[in-house]
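Report on the structure given below.
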Amino acid sequence: MRSLRYFVNNTDRILGYAGEHAVLILMAVVMAVLVWVSVGILIRNNRRMARGVLGIASLIMSVPSVALYGILVTIPGLGLSRQSAVLALVLYAMLPIIRNVYVALNGVDAAIMENARGMGMSARRILFRVQLPLATPVILAGVRVSVVMMVGIATLAVFIGERNLGVLIQQGLVRTRSDMIIVGAVLVSAFAIGIDYLFSKLEHLLVSPGIRGEAA
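FYI, in this note's numbering the residues of the sequence shown are 602 to 817.
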């Protein structure tokens, strides 16, 4: 009851935090998709390079988020800024996106690839007309995991100056206010669940029933 009353009495402020949270996530997602999908495409035919890139991505993923934020703010030109927050989220998205792109592109049936080559298609056309369309479900799954993960990690960006939903949890802990903590935790959870649902719908829109393995 206290949590509901707190939400009603502070709706405008909470919506402002939610908006900042959404903007931060959107910026990071756009950058992560542009960068890491491109990297995944570049390493698709180079197993040695892929091992190196995925090894670096795994190492970054193993670094605690608070520690990564702390490292980034010490870099000249970043500091306590949104750039540090966005960069941290982009780095955490590296492994799931690159791994899924690499696995999906290399998982296209060899017979399909041979047929495409037999039709005289160039490597570029095969990539954009055959491999990427077939790999889309797996690539989207990687992006989906990354975005849901970003929602939670973004809450910790309050320690480097962000004013998002993490403020409710952080201030609730400082003030021993369970109502603030509950409101913040519920909204962050709802945010993640909502994004996961939107991505499931996006997959149905972008991926043809045949590729999904469903009846047309």
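By construction, the Cβ of each residue, glycine as well, lies at the ideal position given by its N, Cα and C atoms.
Handout entry: T777, DSSP secondary structure in three states
Key = Start at 1 with the first residue of the sequence shown, and residue 777 comes out as number 176. DSSP places T777 in coil when its eight states are reduced to three.
Practice task
Starting from F608, follow the alpha helix (DSSP H) in both directions and report where the run begins and ends.
Solution key: On the sequence shown, position 7 is the one that residue 608 refers to. Note, F608: alpha helix (DSSP H), R603 to N610.
Exercise for the section: Please state whether DSSP places M722 in a helix, a strand or coil. Expected result: Sequence index remark: in the sequence shown, residue 722 carries index 121 (1-based). Residue state, collapsed to three classes: coil.
Practice task
For I713, count neighbouring Cβ atoms within 10 angstroms of its own Cβ and tell me buried if that reaches 16, exposed if not.
Solution key: Translated into positions along the sequence shown, residue 713 becomes position 112. Exposed, because fewer than 16 other Cβ atoms sit within 10 Å of the Cβ of I713.
Exercise for the section: Spell out a yes or no on whether the region 777-795 and the region 743-753 are touching, meaning 3 or more CB-CB pairs, one atom from each, closer than 8 Å. Expected result: yes
Practice task
Run the CB neighbour count on G678, radius 10 Å, all protein chains shown included, and call it buried at 16 or more, exposed below.
Solution key: The sequence position of residue 678 within the sequence shown is 77, counting from 1. Burial call: exposed.
Exercise for the section: Flag this pair as touching only if the region 672-687 and the region 760-778 have three or more C-beta atom pairs under 8 Å; answer yes or no. Expected result: yes
Practice task
Take P738 and list the residues in its own chain whose beta-carbon comes closer than 6 Å to its own, dropping the five residues that flank it on each side.
Solution key: Here residue 738 refers to the residue found at position 137 of the sequence shown. Contacts found: V808.
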